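> Dropping a structure here in structure tokens format, bear with me for questions.
Numbering (the numbering used here), first residue to last: 3 to 168.
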């Protein structure tokens with residue numbers, strides 16, 4: 003999330019202090035009294051480490067020892083956090099991540115890219131759920147916009163038509 007510098011705080015906890023959670027992301031898969039799972043996949047045991055919120059079904063304890071069920075329930079992010087779609091791909095020994103967003107979002111939590119002649123500085127940190135050793139940049143990257151080349155006609159349409167008829 004590119005947060006406005008004026009929105010920065012020396013308080014580093016929570017790490018996402020400038021992008022409110024509207025809805026989505028993940029929740030632990032517990033029942034109300036936290037004594038067991040709340041939900042399971044319609045596919046049953048050993049069907050992955052997460053369940054999509056839109057696909058979850060109530061947990062029914064018909065599992066055998068050693069069976070695994072998802073530990074979290076996930077849903078698409080909504081609001082400021084969801085306005086930054088991203089895709090990742092692993093290849094040639096490394097990850098590539100592409101993300102996008104509107105130039106002007108209208109959110110008071112975002113940098114507004116309204117002046118395309120200006121450089122915007124930012125950093126990226128990737129949370130990998132490993133508790134430690136997350137990926138982050140040690141210096142700022144600069145986002146600079148360039149002008150698209152404009153084609154300039156060397157001849158009028160009438161001249162082009164004459165050349166075509168010759």
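In this text, a Cβ means the ideal position worked out from N, Cα and C, and glycines have one as well.
Just so we're clear, the structure is a prediction, and the values are computed from it rather than from any experiment.
If residue 26 sits next to residue 32, beta carbons under 8 Å apart, how far is it from one beta carbon to the other, in whole angstroms?
In the chain shown, the residue the question calls residue 26 occupies position 24. In the chain shown, the residue the question calls residue 32 occupies position 30. Actually they do not touch by this definition, with Cβ atoms about 18 Å apart.
> DSSP state of residue 156, grouped into three classes?
Position 154 of the chain shown, counted from the first residue, corresponds to residue 156. Residue state, collapsed to three classes: coil.
> Going by DSSP, name the residue or residues bridged to residue 166.
Position 164 of the chain shown, counted from the start, is the residue given in the question as residue 166. Beta-bridge pairing links residue 166 to no other residue.
> Taking one C-beta from the stretch 54-71 and one from the stretch 79-87 each time, how about it: are there three or more such pairs within less than 8 Å?
no
> Classify residue 3 as helix, strand or coil using the three-state DSSP reduction.
Here residue 3 is taken as the residue at index 1 of the chain shown, counted from 1. With a pLDDT of only 42 at residue 3, under the threshold of 50, the placement of this residue in the model should not be trusted, and no figure is reported.
> Grab me the residues of residue 42's own chain with a C-beta within less than 8 Å of its C-beta, minus the 5 sequence neighbours each way, in chain order.
The count along the chain shown starts at 1 and reaches residue 42 at position 40. Non-local C-beta neighbours of residue 42 in its own chain, meaning closer than 8 Å and more than five positions away in sequence, comprise 53, 58, 59, 60, 61, 62, 71, 72, ordered along the chain.
> Let me check one thing: in DSSP terms, what residues is residue 91 bridge-paired to?
Residue 91 sits at position 89 when you count from the first residue of the chain shown. The partner list for residue 91 (beta bridge, DSSP) reads 98.
> Under a CB-based cut-off of 9 Å, is residue 103 close to chain B?
Looking at the structure shown, chain B is missing, and only one protein chain is on hand.
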